[in-house]
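My numbering applies: residue 4 is where the sequence shown begins, and numbers increase by one. Don't be surprised by glycine CBs; every beta carbon is placed ideally from N, CA and C.
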Amino acid sequence: MNKGELIIKHIFQKFNLKRFFLIFFVSLFLVLPQIINRNIILGNDAIFHFNRFYDSYMQFKTGNFSYFQTNYGFQQSGRIVNALYGPLIAYILGGILFLVHSWLKFQIIVSYLTFFVSGYTMNLLSRKVGLSNRWSNINSLLFMGSMWVGRWALEQNFMSLGIMLMPLVVLMGINLLNNDLKTVKIVQLAMVVSLIIQIHVLSAVISVLVLMIFFVVAVLKNRNKWDLFLRCVGAGVLSLVLTFNVWGPMLEIYSSNNLYTPFKTVLSESAINISTGDADFRHIGLVISVLFVLQIAYYCLYHSDMSFINRIVTGIGIFMLVISSNVFPWELVDRKLPFLKSLLQFPIRFEGMAFILLILGLSLTLSSVKNEDVQKIALSFFMMAAIFGLIQTNRSMQLKSEIWNSKNPVSDTTNMQFQTKDPKAIRNAFRGRNLKKGLEILQKPNTDYVSAPNTNKKTEHPYYQYDKDFLSTDRKVNKTVKSDQLLVTWIAHEDNSTTKLPITVYKNSVLKLNGHSIKPKQITFDPLNVPSIKTEKKGKNTLSLRYSSRFMNKYFLWGVYAIWGVLLLQALKNFLKRIR
Numbered sequence: 004m005n006k007g008e009l010i011i012k013h014i015f016q017k018f019n020l021k022r023f024f025l026i027f028f029v030s031l032f033l034v035l036p037q038i039i040n041r042n043i044i045l046g047n048d049a050i051f052h053f054n055r056f057y058d059s060y061m062q063f064k065t066g067n068f069s070y071f072q073t074n075y076g077f078q079q080s081g082r083i084v085n086a087l088y089g090p091l092i093a094y095i096l097g098g099i100l101f102l103v104h105s106w107l108k109f110q111i112i113v114s115y116l117t118f119f120v121s122g123y124t125m126n127l128l129s130r131k132v133g134l135s136n137r138w139s140n141i142n143s144l145l146f147m148g149s150m151w152v153g154r155w156a157l158e159q160n161f162m163s164l165g166i167m168l169m170p171l172v173v174l175m176g177i178n179l180l181n182n183d184l185k186t187v188k189i190v191q192l193a194m195v196v197s198l199i200i201q202i203h204v205l206s207a208v209i210s211v212l213v214l215m216i217f218f219v220v221a222v223l224k225n226r227n228k229w230d231l232f233l234r235c236v237g238a239g240v241l242s243l244v245l246t247f248n249v250w251g252p253m254l255e256i257y258s259s260n261n262l263y264t265p266f267k268t269v270l271s272e273s274a275i276n277i278s279t280g281d282a283d284f285r286h287i288g289l290v291i292s293v294l295f296v297l298q299i300a301y302y303c304l305y306h307s308d309m310s311f312i313n314r315i316v317t318g319i320g321i322f323m324l325v326i327s328s329n330v331f332p333w334e335l336v337d338r339k340l341p342f343l344k345s346l347l348q349f350p351i352r353f354e355g356m357a358f359i360l361l362i363l364g365l366s367l368t369l370s371s372v373k374n375e376d377v378q379k380i381a382l383s384f385f386m387m388a389a390i391f392g393l394i395q396t397n398r399s400m401q402l403k404s405e406i407w408n409s410k411n412p413v414s415d416t417t418n419m420q421f422q423t424k425d426p427k428a429i430r431n432a433f434r435g436r437n438l439k440k441g442l443e444i445l446q447k448p449n450t451d452y453v454s455a456p457n458t459n460k461k462t463e464h465p466y467y468q469y470d471k472d473f474l475s476t477d478r479k480v481n482k483t484v485k486s487d488q489l490l491v492t493w494i495a496h497e498d499n500s501t502t503k504l505p506i507t508v509y510k511n512s513v514l515k516l517n518g519h520s521i522k523p524k525q526i527t528f529d530p531l532n533v534p535s536i537k538t539e540k541k542g543k544n545t546l547s548l549r550y551s552s553r554f555m556n557k558y559f560l561w562g563v564y565a566i567w568g569v570l571l572l573q574a575l576k577n578f579l580k581r582i583r
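(1) Roughly how many angstroms lie between the CA atoms of P505 and A565, to the nearest whole one?
(2) Kindly indicate the opening and closing residues of the alpha helix (DSSP H) around R581.
(3) Is it true that the region 117-128 meets the region 368-383, where meeting means three or more beta-carbon pairs spaced less than 8 angstroms apart?
(4) Taking just the CA atoms, how far does S121 sit from N136?
(5) When you compare each of V533, L157, T246 to T501 by their alpha carbons, which one comes out closest?
(6) Is it a yes or a no for the region 52-72 touching the region 416-432, going by three-plus beta-carbon pairs under 8 angstroms?
(7) Relative to the C-alpha of T423, which residue among R226, S163, Q395, Q446 is closest?
(8) Apart from the five residues on each side of it in sequence, which residues of its chain come closer than 6 angstroms, Cβ to Cβ, to T527?
(9) List the DSSP bridge partners of W493.
(10) Can you tell me where the alpha helix (DSSP H) holding N332 begins and where it ends?
(11) For the alpha helix (DSSP H) holding L164, just list the boundary residues, first then last.
(12) Which one of T462, T507, G542, K515 has the shortest CA to CA distance from E497?
(13) Excluding the 5 residues preceding and the 5 following P170 in the sequence, name in chain order all residues of the same chain whose CB lies nearer than 6 angstroms to its CB.
(14) Just to confirm before moving on: does the CB-CB distance between V249 and I200 stay below 7 angstroms?
(15) Short of 8 angstroms in beta carbon distance, which residues of its chain neighbour N67, apart from the five on each side in sequence? Order them along the chain.
(16) What does the Cβ neighbour count give for F311, buried or exposed, with the cut at 16 atoms within 10 Å?
(17) Does the ligand PLP have even one heavy atom less than 6 angstroms from the beta-carbon of K344?
(18) Considering just the uninterrupted stretch of the alpha helix (DSSP H) at V173, what are its terminal residues?
(19) Which residue or residues does DSSP assign as beta-bridge partners of I83?
(20) State buried or exposed for L652, treating a residue as buried only when at least 16 other CB atoms are found within 10 Å of its CB.
(21) Would you give the residue range spanned by the alpha helix (DSSP H) that Y242 belongs to?
(22) Which of the three DSSP states, helix, strand or coil, is assigned to Q446?
(23) Can you round the beta-carbon distance between L231 and N182 to whole angstroms, since I take them to be within the 8 angstroms contact cut?
(24) Taking 7 angstroms as the threshold (C-beta atoms), are K479 and V491 in contact?
(25) Do V34 and I111 have their C-beta atoms within less than 7 angstroms of each other?
(26) Alpha carbon to alpha carbon, what distance is there between V172 and V195?
(27) Among P530, T246, M215, R549, whose alpha-carbon lies nearest the alpha-carbon of N511?
(28) Which residue or residues does DSSP assign as beta-bridge partners of I521?
(29) Pick helix, strand or coil for Q37, following the three-state DSSP scheme.
(30) Report all residues from its chain with a CB closer than 6 angstroms to the CB of L289; omit the five preceding and five following residues, and keep chain order.
(31) Let me check one thing: in DSSP terms, what residues is T502 bridge-paired to?
(32) How many whole angstroms separate the CB atoms of N261 and A86, which I take to be in contact at a CB cut-off of 8 angstroms?
(33) Tell me whether T117 sits in a helix, a strand or coil according to DSSP, three-state version.
(34) So V84 packs on I99, CB below 8 angstroms; how close in whole Å?
(35) So, helix, strand or coil for R436, using DSSP?
(36) Along the chain, which unbroken stretches of the alpha helix (DSSP H) at least 4 residues long are found entirely within the region 271-339?
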């Protein structure tokens, strides 16, 4: 065997390329229908998130960077979205879109990465608790084929990108339970939590809740409580630094504006149920229901026979499953804590974490069976469940992609505004090189994070008002972008005329009319903070809009990103050391 062959063999042994290729090709299998059909899937959340990433894409394309203000997406309204909703991942995905310059290629790449990362993180977690390669690989496949992981590819639900990293959160929790210098690493813990915060804040809230439970158990179990506490405090402080670009803007904007919240739901109607059919948004599905029931039954009957890790993991998993379901008194919560109707919206969101914990627990239970024949049967059953989930996800991808060639290429038209319903025009718009065209044909009157002048002036029908202000009415204005400013130009046809402009402003927005500050008597605002400007003389007028943060500037942002860069380079260096 020559030197090259020895190096390749060494890499296979250290890096376990068999596992890598398994997850690689299964991820490919899941997105294969979309690759073959070359069809875009326009799910319920597609237009909202496509607008986010298009704005980042245009910032890369033009060099006109604006961290807060949306100058290209969302009808060039100037609203703030990405700064409050996964700012780092918005730039990363906008960067991918900039590289491929195609909605189809972008969607396939991001869906593929979601499946791949989900499988790999679940594999890392499974091996962390001592499961064999077989069990770890099957767990990866089960997770990749689960409903929550597939929801980005099928519906563009962004929580999938948060859930794909949740196995790492549980892995950090396991480290807390073990509590030794080799496992509880401050930087590692901080980076995992911070990464989820940079992607999806609600996923981060669920993750922190689970970590807090692990922490409490670890404190009660371990003698070295002070060391554990200091390490967690250190990780918390570092995480605050790594996510300053998230909580800083949130603190500033939420404290100084009256923001419209996401739409309210009835929590009790948005919980999950065990079912005997296929898995969907409100039903776990027969196969996963059976797996959950088996582990919960074993936990109740043979609690004392389980390993310590299995007891804790399963106990937390049961708790997460209960609060995701109608077993939890969500009707009471609806009445007592109404703010959760818009903040949480769907209790089912807890089920993603429950899935990870209960599947991990069941794997630990079955792998501990001494009888080899029983364990072979258990492995076969688990493998069949994984294959069933993967085939179901692949089939769903096929069905969703087929919609693209139907009379209505949009798979979910809820609250959708069509500039044209001609299916050929819609397909051409999203397939073309002008990425904005599709977002002009399909629009949604969404008011998340839009500000009102004051609480009393908030409208009860914000979506209708948004449609009126930005979508249905032709304001006859021209919008251009210069640096971080949005410039709105229009013609006043007579003296002392008032023009309503399709932009929205915030507390720290800076407005200038024809290069001069606007007098209070010249401007009024509607319930969405859309300004009406009074001009003294007829003719051409230009209003400039930019957001001026009180304490967040480019130096702070570059500082945060520089720290991320250093830590990621160090992580890469450590990884390369391990495979040498």
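From the atom records:
(1) Locating residue 505 in the sequence shown gives position 502, counting from the first residue. Locating residue 565 in the sequence shown gives position 562, counting from the first residue. Counting only the Cα atoms, A565 lies some 37 angstroms from P505.
(2) One-based indexing of the sequence shown puts residue 581 at position 578. In this chain, the alpha helix (DSSP H) harbouring R581 covers 557-581.
(3) Per the Cβ contact rule, the region 117-128 is not in contact with the region 368-383 (fewer than 3 Cβ pairs under 8 angstroms).
(4) As a position in the sequence shown, residue 136 is number 133, starting the count at 1. As a position in the sequence shown, residue 121 is number 118, starting the count at 1. Here the C-alpha atom of N136 lies approximately 16 angstroms from the C-alpha atom of S121.
(5) On the sequence shown, residue 501 is found 498 positions in, with the first residue counted as 1. When only C-alpha atoms are compared, the closest one is V533.
(6) No, the region 52-72 is not in contact with the region 416-432.
(7) Mapped onto the sequence shown, residue 423 falls at position 420. Closest in C-alpha terms to T423, from the list R226, S163, Q395, Q446, comes Q446.
(8) Here residue 527 is taken as the residue at index 524 of the sequence shown, counted from 1. Excluding the 5 residues flanking it on each side, T527 has same chain C-beta neighbours closer than 6 angstroms at S535, in chain order.
(9) On the sequence shown, residue 493 is found 490 positions in, with the first residue counted as 1. Looking at the DSSP assignment, W493 forms a beta bridge with N544.
(10) Residue mapping note: residue 332 aligns to position 329 of the sequence shown, counting from 1. According to the sequence provided, residue 332 is Pro. The question's Asn does not apply to it. Neither: P332 is in no alpha helix (DSSP H) and is coded neither H nor E.
(11) By one-based count along the sequence shown, residue 164 stands at place 161. Residues 162-166.
(12) To locate residue 497, count along the sequence shown from 1; it is residue 494. Taking only the C-alpha atoms, the option nearest E497 is G542.
(13) Position 167 of the sequence shown, counted from the first residue, corresponds to residue 170. T124, M125, L128, I359, listed in sequence order.
(14) As a position in the sequence shown, residue 249 is number 246, starting the count at 1. As a position in the sequence shown, residue 200 is number 197, starting the count at 1. In this structure, V249 places its C-beta atom within 7 angstroms of the C-beta atom of I200.
(15) Sequence index remark: in the sequence shown, residue 67 carries index 64 (1-based). Excluding positions up to five away in sequence, the list reads M61, N74, V484, K485, S486, D487.
(16) Taking the sequence shown and counting its residues from 1, one reaches residue 311 at position 308. Exposed is the label assigned to F311, since fewer than 16 other Cβ atoms lie within 10 Å of its Cβ.
(17) As for the ligand PLP, it is missing from this structure, which has no ligand bound.
(18) Counted from its first residue, the sequence shown places residue 173 at position 170. Counted as a single uninterrupted DSSP element, the alpha helix (DSSP H) harbouring V173 occupies residues 169-181.
(19) Working through the sequence shown from its first residue, we reach residue 83 at position 80. DSSP output for I83 lists Q72 as bridge partner(s).
(20) The shown model of the chain, from 4 to 583, leaves out residue 652, and the question about it has no answer.
(21) Here residue 242 corresponds to residue number 239 of the sequence shown, with the count starting at 1. Correcting the residue identity first, residue 242 is Ser in this sequence and not Tyr. Residues 228-245.
(22) For the purposes of this step, residue 446 is taken as residue 443 along the sequence shown, with counting starting at 1. Residue state, collapsed to three classes: strand.
(23) In the sequence shown, counting from the first residue as 1, residue 231 sits at position 228. In the sequence shown, counting from the first residue as 1, residue 182 sits at position 179. Right, the Cβ-Cβ distance comes to about 5 angstroms (below 8 angstroms), so this counts as a contact.
(24) Translated into positions along the sequence shown, residue 491 becomes position 488. Translated into positions along the sequence shown, residue 479 becomes position 476. V491 is not a Cβ neighbour of K479, given a cutoff of 7 angstroms.
(25) Residue mapping note: residue 34 aligns to position 31 of the sequence shown, counting from 1. Residue mapping note: residue 111 aligns to position 108 of the sequence shown, counting from 1. In contact: V34 and I111 (Cβ atoms closer than 7 angstroms).
(26) If you number the sequence shown from 1, residue 195 lands on position 192. If you number the sequence shown from 1, residue 172 lands on position 169. Straight-line Cα distance between these residues: approximately 7 angstroms.
(27) For the purposes of this step, residue 511 is identified with residue 508 of the sequence shown, where counting begins at 1. N511 has its Cα closest to that of R549, out of P530, T246, M215, R549.
(28) Within the sequence shown, residue 521 is the residue found at index 518, counting from 1. According to DSSP, I521 bridges with nothing at all.
(29) For the purposes of this step, residue 37 is taken as the residue at position 34 of the sequence shown. In the structure shown, Q37 falls within a helical segment according to DSSP collapsed to helix, strand and coil.
(30) Residue numbering aside, residue 289 sits at position 286 when the sequence shown is read from its first letter. Here the set comprises T279.
(31) Along the sequence shown, one-based indexing puts residue 502 at 499. DSSP lists I536 as the bridge partner or partners of T502.
(32) The residue given as residue 261 occupies position 258 in the sequence shown. The residue given as residue 86 occupies position 83 in the sequence shown. Their Cβ separation, rounded to whole angstroms, is 17 angstroms, which puts N261 and A86 out of contact at 8 angstroms.
(33) Along the sequence shown, one-based indexing puts residue 117 at 114. Collapsing the DSSP output to three states places T117 in a helix.
(34) Numbered from its first residue, the sequence shown carries residue 84 at position 81. Numbered from its first residue, the sequence shown carries residue 99 at position 96. Between I99 and V84 the Cβ distance is about 18 angstroms, and since that is not below 8 angstroms, they are no contact.
(35) Translated into the one-based positions of the sequence shown, residue 436 becomes position 433. Looking at R436 - three-state DSSP - the assignment turns out to be coil, as it is neither helix nor strand.
(36) Fully contained in the region 271-339 are the following alpha helix (DSSP H) runs of length 4 or more, in chain order: 289-304, 311-326, 333-339.
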